[in-house]
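Beneath this line is the structure, given in C-alpha cells, with notes to follow.
Next comes the structure, spelled out in C-alpha cells:
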C-alpha cells in the first residue's frame, strides 16, 4: 500500500484548527484538549511575554471528560488557579 500511496499521491488532508486564547491577568491560556478514544484529556498552554520573549508552559492533567467543551472549560479553571498559585515561577 505504501508504494501505491507514493505513486498516486496520498490524499490525506490535515485540518488546521485556530485556538483563540483567553486572557487572564496578562497570561494567555490556550485550551487544547487531547482526544482519547471518545473522551478528552484536559490540556493546553499558558503563555506570557516576559522581557520581550514569549514564555510557554504546557499544561496536561490526568482528568478525562466526555466532551471537548467540558475539557476546555475545566482547563481554563485549572489554568487560572495554577496562575494564581505560581505566577511567573511556572516558567523557571
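Residue numbers (this note's numbering): 1317 to 1408. Even for Gly, the Cβ is constructed at its ideal location relative to N, Cα and C.
Query	Result
Test item: CB-CB of residue 1350 and residue 1359 under 9 Å	yes
Nearest to residue 1361 (by Cα), restricted to the options 1367, 1384, 1374, 1369	1374
Residue 1402: first and last residue of the uninterrupted alpha helix (DSSP H) it sits in	1384 to 1402
Beta-carbon proximity check, residue 1382 vs residue 1355, cutoff 9 Å	yes
Pair within 9 Å by beta-carbon distance, residue 1377 and residue 1394	yes
Segment limits, beta strand (DSSP E) that includes residue 1357	1355 to 1366
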